[in-house]
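Quick note: the sequence shown, position 56, residue 56 per full-length UniProt numbering, numbers continuous. Glycine is no exception: its CB is placed at the ideal position from the N, C-alpha and C atoms.
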Amino acid sequence: MTNLTLKPYITEDQIQNKVRELGETLTKKFKGEKVVAVCVLKGSFMFYSDLIRNMGGDVTCEFFGVSSYHGGTSSSGEVKVTLDLASPVEGCHVVLVEDIIDTGLTMNYLKNAMTSRKPKSLTTVSLLEKPDALKVKCEIDYVGFKIPNDFVVGYGLDYQGYYRNLPYIAQVQNFQ
């Protein structure tokens with residue numbers, strides 16, 4: 001494992017409180033409707049699993065794998081699809097669940113990819129957003145936390161595959 005100096009930034013309690021709040025908001029929005037929740041892999045898997053447990057109603061799960069970091073500390077802007085949806089979402093209410101909005105390029109790609117599949121509606125949710133890092137306009141329906149343009153790990157977010165298992169989010173203080 002790489003030895004980075006980490007500074008806790010968002011606590012486990014803060015995350016879980018925000019996830020509950022977002023889950024309740026989505027439950028109210030889709031009351032009585034069937035929802036397809038799409039997990040953007042790999043980074044959002046922890047947020048996604050906690051979020052869907054906090055959503056009431058009929059929720060089915062789908063997974064869409066993309067990569068734009070390619071081992072670095074900032075988004076390359078080039079989106080590579082690593083796993084496509086297993087089922088069609090045409091005519092469905094889709095909730096697209098992402099871990100972090102950095103440049104906005106990946107989320108815009110995802111929104112276009114989902115919209116082309118003709119869902120009944122598309123709602124976007126991200127745990128984190130870095131407004132100062134945006135390279136393009138990117139509108140998100142629900143954001144858990146707006147953070148500065150620092151590299152963060154934990155709660156699904158990684159550095160070269162490590163630190164996803166942390167129950168909190170930490171700022172990386174140094175790189176080797």
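If you run the structure through DSSP and keep just helix, strand and coil, what is residue i?
i, result
"residue 98", "strand"
"residue 171", "strand"
"residue 47", "helix"
"residue 62", "strand"
"residue 83", "strand"
"residue 123", "strand"
"residue 31", "coil"
"residue 23", "helix"
"residue 146", "strand"
"residue 134", "coil"
"residue 157", "strand"
"residue 110", "helix"
"residue 187", "Absent from the structure is residue 187, since the part of the chain shown begins at 1 and ends at 176."
Out of curiosity, what's the CA-to-CA distance linking residue i and residue j?
i, j, result
"residue 147", "residue 128", "7 Å"
"residue 82", "residue 101", "19 Å"
"residue 24", "residue 160", "33 Å"
"residue 142", "residue 165", "24 Å"
"residue 131", "residue 125", "15 Å"
"residue 5", "residue 31", "44 Å"
"residue 53", "residue 113", "25 Å"
"residue 153", "residue 44", "12 Å"
"residue 157", "residue 15", "13 Å"
"residue 27", "residue 174", "40 Å"
"residue 22", "residue 163", "24 Å"
"residue 223", "residue 17", "Outside the modelled stretch of the chain, which goes from 1 to 176, sits residue 223, for which no answer is possible."
"residue 55", "residue 111", "21 Å"
"residue 33", "residue 57", "7 Å"
How many whole angstroms separate the CB atoms of residue i and residue j, which I take to be in contact at a CB cut-off of 8 Å?
i, j, result
"residue 19", "residue 35", "That belief does not hold up - the Cβ atoms of residue 19 and residue 35 are roughly 16 Å apart, past 8 Å."
"residue 178", "residue 151", "Any question about residue 178 goes unanswered here, given that the chain covers just 1 to 176."
"residue 9", "residue 169", "5 Å"
"residue 78", "residue 40", "Between residue 40 and residue 78 the Cβ distance is about 16 Å, and since that is not below 8 Å, they are no contact."
"residue 167", "residue 12", "4 Å"
"residue 64", "residue 51", "With a Cβ gap of about 15 Å, residue 64 and residue 51 do not count as contacting."
Pull the bridge partners of residue i from the DSSP assignment, please.
i, result
"residue 39", "63, 97"
"residue 10", "169"
"residue 128", "100, 145"
"residue 163", "Paired residue(s): none; residue 163 is not in a bridge."
"residue 89", "Note: residue 89 sits in no beta bridge, so no partner."
*Is there contact between the region 120-127 and the region 86-93, where contact requires at least three CB pairs shorter than 8 Å?*
At 8 Å Cβ cutoff, the stretches touch.
*Given 8 Å as the limit, is there contact between the region 96-108 and the region 131-141, that is, 3 or more CB pairs closer than that?*
Using a Cβ-Cβ distance cut-off of 8 Å, the region 96-108 and the region 131-141 are in contact, since at least three pairs of beta carbons, one from each stretch, lie closer than that value.
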